[in-house]
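Counting from 108, one number per residue, gives the positions in the sequence shown under the numbering used here.
Even for Gly, the Cβ is constructed at its ideal location relative to N, Cα and C.
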Amino acid sequence: MKKKVLVLGSTGLIGHQIYNYLKLNSDYELFNMSYRKKLQDDTILVDVRDENNFLNIIKSLKPDYIVNCIGILINGANENPENAIFINAYMPHRLARLAGELDAKLIHISTDCVFSGNKKEPYVESDEKDGKDTYAKTKGLGEIIDDKHLTLRTSVVGPELKEDGEELFHWFMNQKGTINGFTKAIWSGVTTLELAKAVKWAVENDITGLYHITNNDSINKYELLNLFKKYTQKNIEIVAVDGKQVDKNFVDTRKEINYKIPSYEMMIRDMVDLIRENKNYYKQYDIGLKD
108 MKKKVLVLGS
118 TGLIGHQIYN
128 YLKLNSDYEL
138 FNMSYRKKLQ
148 DDTILVDVRD
158 ENNFLNIIKS
168 LKPDYIVNCI
178 GILINGANEN
188 PENAIFINAY
198 MPHRLARLAG
208 ELDAKLIHIS
218 TDCVFSGNKK
228 EPYVESDEKD
238 GKDTYAKTKG
248 LGEIIDDKHL
258 TLRTSVVGPE
268 LKEDGEELFH
278 WFMNQKGTIN
288 GFTKAIWSGV
298 TTLELAKAVK
308 WAVENDITGL
318 YHITNNDSIN
328 KYELLNLFKK
338 YTQKNIEIVA
348 VDGKQVDKNF
358 VDTRKEINYK
368 IPSYEMMIRD
378 MVDLIRENKN
388 YYKQYDIGLK
398 D
């Protein structure tokens, strides 16, 4: 029988990438839910805050895997803590309980923002979640760490479907002239495409608990922006500035993924190729022709 996989938050930065990757690279029976806009005709629109309706729909689908990409981001969490507590902190645990009742597995997406960036050496899975703002605290509380379900903790860059996204690549593509690139802001995440590959791997392998999705390398934001520039061929000047010291570098000490997450150069190249190959999907991005 085909595995039944439900993607929650399917029009978001992460959710749409995971759904589309699984659609192209698996034979799973796929379902997807979104809040306001449909990813495709069969997208189920639902408000997570209508808890009973939301959970009853999931029950009716009887998924084998629930991939939770729903989340309130930094600005929204700080502006509306009540909403962030419900969606970021409470709902993952309610989904885990429901998954248990359905004999399903929850794959929950978390963030390096649970850390403050003050450690001065790479964060490991067991480190204290010392982030201070509402977003950090609610995402930390929402992590599911047990022997039945899986939390993938990472940080991502990638294309958005919406025009008012908060993500770094989206910000970069909307800039003109000269921008600053912070040399003391250290990053060790992945593209949303690589995260989608990790989710597929997690569906096909019996792994639980907490897993850091990273290539175990790091890059500063100045270098990352220059990779964006190189592969998009965007006409923009990037000035190296120190900026505030923020090092949320994290590493995967479990090392159970049986494929190698590529270098940042290759990740950004593949990400931009994906955007270029799906130009009708990502109309808002002006990407140069491939060399």
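Under 7 Å Cβ to Cβ from residue i, same chain only, skipping five residues before and after it: list those, please.
{"i": "Lys328", "result": "Gly288, Phe289, Ala292, Trp294"}
{"i": "Pro188", "result": "Thr241"}
{"i": "Ala347", "result": "Gly288, Thr290, Tyr329"}
{"i": "Leu334", "result": "Tyr371, Glu372, Ile375"}
{"i": "Cys176", "result": "Val114, Leu115, Gly116, Gly119, Ile121, Gly122, Ile125, Ile216"}
{"i": "Asp134", "result": "Lys109"}
{"i": "Asp279", "result": "Checking the sequence, you will find Phe at residue 279 rather than Asp. Taken in chain order, the residues that qualify are Leu332, Phe335."}
{"i": "Tyr389", "result": "Pro266, Ile382"}
{"i": "Leu239", "result": "The residue asked about is misnamed: residue 239 is Lys in this sequence, not Leu. Excluding positions up to five away in sequence, the list reads Ser223."}
Should residue i be counted as a contact of the ligand NAP given a C-beta to heavy atom distance under 7 Å?
{"i": "Thr339", "result": "For the ligand NAP, the structure offers nothing, since it holds no ligand at all."}
Using a Cβ-Cβ cut-off of 8 Å (strictly less than) and excluding sequence neighbours within five positions of residue i, which residues of its own chain qualify?
{"i": "Gln340", "result": "Ile394, Gly395, Leu396"}
{"i": "Ser106", "result": "No answer is possible for residue 106: the residues shown for the chain start at 108 and end at 398."}
{"i": "Asn365", "result": "Trp308, Asn312"}
{"i": "Ile286", "result": "Phe279, Leu332, Ile343, Glu344, Ile345, Val346"}
Look up residue i in the DSSP assignment and say whether it is helix, strand or coil.
{"i": "His215", "result": "strand"}
{"i": "Ile345", "result": "strand"}
{"i": "Asn225", "result": "coil"}
{"i": "Leu86", "result": "Since the first residue of the chain shown is 108 and the last is 398, residue 86 is not available in this structure."}
{"i": "Leu137", "result": "strand"}
{"i": "Ile181", "result": "helix"}
{"i": "Lys169", "result": "coil"}
{"i": "Leu317", "result": "strand"}
{"i": "Tyr230", "result": "strand"}
{"i": "Lys111", "result": "strand"}
{"i": "Asn163", "result": "helix"}
Relative to the C-alpha of residue i, which candidate in the options has its C-alpha closest?
{"i": "Lys362", "options": "Val114, Met198, Glu232, Lys226", "result": "Glu232"}
{"i": "Pro229", "options": "Pro199, Ile375, Leu137, His319", "result": "His319"}
{"i": "Ala211", "options": "Asn190, Leu168, Ala347", "result": "Leu168"}
{"i": "Ala206", "options": "Asn333, Asn356, Cys220, Leu257", "result": "Leu257"}
{"i": "Gly119", "options": "Leu268, Glu250, Ala305, Lys336", "result": "Leu268"}
{"i": "Arg204", "options": "Tyr172, Glu186, Glu384", "result": "Tyr172"}
{"i": "Asp313", "options": "Tyr126, Leu213, Asp157", "result": "Leu213"}
{"i": "Ile181", "options": "Met140, Glu273, Val379, Leu146", "result": "Glu273"}
{"i": "Ile102", "options": "Leu202, Lys283, Tyr126", "result": "Any question about residue 102 goes unanswered here, given that the chain covers just 108 to 398."}
{"i": "Ser217", "options": "Ile382, Gly316, Asn127", "result": "Gly316"}
{"i": "Leu300", "options": "Lys236, Met378, Asn195, Ala184", "result": "Met378"}
{"i": "Leu146", "options": "Asn185, Tyr126, Ala196", "result": "Tyr126"}
{"i": "Val60", "options": "Lys246, Glu384, Glu208", "result": "Coverage of the chain is limited to positions 108 through 398, which leaves residue 60 absent and any answer about it impossible."}
{"i": "Asn281", "options": "Ile343, Lys227, Asn195", "result": "Ile343"}
{"i": "Glu158", "options": "Phe357, Asn132, Ile194, Asp349", "result": "Ile194"}
{"i": "Leu209", "options": "Ala196, Val306, Ile164, Gly249", "result": "Ile164"}
{"i": "Asp359", "options": "Gly284, Gly296, Asn385, Lys337", "result": "Gly296"}
{"i": "Gln391", "options": "Leu259, Asp271, Lys236", "result": "Asp271"}
{"i": "Tyr338", "options": "Asp234, Ala305, Tyr142, Asp380", "result": "Asp380"}
Might you give, ordered along the chain, the residues of its own chain that have their beta carbon closer than 6 Å to the beta carbon of residue i, omitting 5 neighbours on each side?
{"i": "Gly224", "result": "Val353, Asp354, Lys355"}
{"i": "Lys144", "result": "Thr118"}
{"i": "Ala303", "result": "Gln124, Ile125, Tyr128"}
{"i": "Lys111", "result": "Glu136, Pro170, Asp171"}
Counting only runs of 3+ residues fully inside the region 233-301, write out the beta strand (DSSP E) ranges in chain order.
257-261, 285-289, 292-294
Residue ranges of each beta strand (DSSP E) within the region 328-386, 3 or longer
344-348
Please determine if the region 151-162 and the region 123-141 are in contact, where contact requires at least 3 C-beta pairs separated by less than 8 Å.
yes
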